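Peer 1: According to the working numbering, the sequence shown is numbered sequentially starting from 269.
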Amino acid sequence: MARKGWHILKDEGRVTVTRRLPVRFDLSVEAELPCARTVSLTRVAQQVRQDMWRRLQDLRGFAPAVEVSRSEGGLVIRAGGALADPVTGRVRDSLADLLESPTHQARWIAHAGRRSHG
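1) Quick one: complete beta strand (DSSP E) runs, 3+ long, within the region 313-351?
2) Would you say residue 288 and residue 335 are within 9 Å of each other, going by their C-beta atoms?
3) Just reading off the beta strand (DSSP E) that residue 286 is part of, what are its end residues?
4) Determine which residues share a DSSP beta bridge with residue 276 and list them.
5) Indicate whether the contact test is met: 3 or more Cβ pairs, each with one atom in the region 270-280 and one in the region 339-348, closer than 8 Å.
6) Ends of the alpha helix (DSSP H) at residue 362?
7) Using the Cβ count rule (16 or more neighbours within 10 Å means buried), how would you classify residue 353?
8) If you pair each beta-carbon of the region 346-366 with each one of the region 310-329, do three or more pairs fall below 8 Å?
9) Whole angstroms is fine: what's the gap from residue 273's alpha carbon to residue 284's?
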């Protein structure tokens, strides 16, 4: 399903939000996010996508993609997307810092725990 130019793909226990299909992860960073409560995977993916876009919006030819799946201890987030040009270590490090940020993680979980589905 496309929503405002974003494709939201749902599988059992996994949601992917992407700008383009097919989904490509030329740039890819993963992080595990502890989460003991039930949250909306779609909301987590949307929040990560927004923060990732704010951080990487000057990256030419970048088409964001975020995949969120459930794990035993919480959530696994894969963020990145399609790139027109090769990525530098600085860009990968910046994205990894975002995914590991306790402040961002807490906000994502708080937002995703509000009444919703997905």
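We treat Cβ as the ideally placed atom computed from N, Cα and C, and that holds for glycine. The structure displayed is predicted, hence computed values, not measured ones.
Peer 2: Taking the geometry as given:
1) Runs found: 331-339 and 342-350.
2) It is not a contact, given that the beta carbons lie outside the stated cut-off.
3) 282-286
4) 285
5) Contact annotation: the region 270-280 does not touch the region 339-348, with fewer than three C-beta pairs closer than 8 Å.
6) Residue 362: member of the alpha helix (DSSP H) spanning 357-368, first to last residue.
7) exposed
8) yes
9) 14 Å
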